[in-house]
Amino acid sequence: MNFEIIQREEDDFVKFYVGQKEDGSIYAVPCVLDDDGGVDMTATQTKMDAYIEYTDEIRSYT
115 MNFEIIQREE DDFVKFYVGQ KEDGSIYAVP CVLDDDGGVD MTATQTKMDA
165 YIEYTDEIRS YT
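The sequence shown begins at 115 in the working numbering and counts up by one.
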């Protein structure tokens, strides 16, 4: 899975952690920031992993 951090003007420049699976599925979660305003990669990856697990489970019902 490939990941990158993006910011878009239309999202008020909030940082998003975006991942794409080999099958083309795209996942995005807001980044978790540390006390200095930087991205806490460990917390952000944990958030992404939980989101992927949740959405994959929902997709399995369709």
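Note that the Cβ used here is the ideal one computed from N, Cα and C, for glycine as well.
Note that the structure is predicted; figures quoted are calculated from it, not measured.
- Query: Per DSSP, what kind of secondary structure is E136 in: helix, strand or coil?
  - Reply: Residue state, collapsed to three classes: coil.
- Item | First through last residue of the beta strand (DSSP E) which encompasses E118 | Residues N116 to Q121.
- Alpha carbon to alpha carbon, how far is Y175 from I99? Give it in angstroms, no decimals. Absent from the structure is residue 99, since the part of the chain shown begins at 115 and ends at 176.
- If you draw a straight line from the C-alpha of T85 to the C-alpha of M115, how long is it? This structure leaves residue 85 out entirely; the chain is present only between 115 and 176.
- Query: Among D170, G152 and T169, which one has its Cα closest to the Cα of F130?
  - Reply: Distances from the CA of F130 to each of D170, G152 and T169 were compared; the closest alpha carbon is that of G152.
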